[in-house]
Amino acid sequence: MGVSYVYHKALATFLRALVRPRLQFHPKPDDTIFIPARDPDRTIRVHVYKPAHATEPTPVLINFCGSIFVLRTFGSDDEFCQFVADKTNYTVIDAQYRLAPEHPFPAAFYDAEDL
Numbered sequence: 001m002g003v004s005y006v007y008h009k010a011l012a013t014f015l016r017a018l019v020r021p022r023l024q025f026h027p028k029p030d031d032t033i034f035i036p037a038r039d040p041d042r043t044i045r046v047h048v049y050k051p052a053h054a055t056e057p058t059p060v061l062i063n064f065c066g067s068i069f070v071l072r073t074f075g076s077d078d079e080f081c082q083f084v085a086d087k088t089n090y091t092v093i094d095a096q097y098r099l100a101p102e103h104p105f106p107a108a109f110y111d112a113e114d115l
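So this is what it looks like as structure tokens:
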């Protein structure tokens, strides 16, 4: 653990504390599932949003919230994901990927590949 990690951890902690009062998410997905990751002791939590009137299997769209790989904003795209599911007839999954600096690059990309 070098100086660079300590700096980035302090910066991430500051940013998270700065935006935390504004981050009150109460997502209402149709389902929450846990998908196995490449690490045997880990799973990736995803919210599932299904089209309102789908009667058959639908294509899947994967959404990754815009948290700049640092902020804890999983669930913030709830309305967007449900809107896309209803308007496109796609099942949308919103993924909770690992964040930096606790999980350095390329951890988030590995999570995306594992989905």
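Numbering (the UniProt record's numbering), first residue to last: 1 to 115. Note that the Cβ used here is the ideal one computed from N, Cα and C, for glycine as well. As the structure is a prediction and not an experimental result, all values here were calculated from the model.
Buried or exposed, going by whether 16 or more other CB atoms sit within 10 Å of the CB of His53?
In the sequence shown, counting from the first residue as 1, residue 53 sits at position 53. The residue in question, His53, is exposed, as its Cβ has fewer than 16 Cβ neighbours within 10 Å.
Between which two residues does the alpha helix (DSSP H) harbouring Ala107 extend?
Walking along the sequence shown from the start, residue 107 turns up at place 107. Start and end: Ala107 to Asp114.
Starting from the Cα of Tyr90, find the closest Cα among Pro36, Val48 and Asp114 and give me that residue.
Against the sequence shown, residue 90 aligns to sequence position 90. Relative to the Cα of Tyr90, the nearest Cα in the group Pro36, Val48 and Asp114 belongs to Val48.
Specify the secondary structure class of Ala54 as computed by DSSP and reduced to three states.
Numbered from its first residue, the sequence shown carries residue 54 at position 54. Residue state, collapsed to three classes: coil.
If you draw a straight line from the C-alpha of Asp111 to the C-alpha of Asp86, how long is it?
Position 111 of the sequence shown, counted from the first residue, corresponds to residue 111. Position 86 of the sequence shown, counted from the first residue, corresponds to residue 86. Straight-line Cα distance between these residues: approximately 26 Å.
Measure from the alpha carbon of Gln96 to the alpha carbon of each residue in Asp31, Val60 and Cys65, then state which is nearest.
The residue labelled residue 96 in the question sits at position 96 within the sequence shown. Its Cα nearest to that of Gln96, the residue Cys65 stands out among Asp31, Val60 and Cys65.
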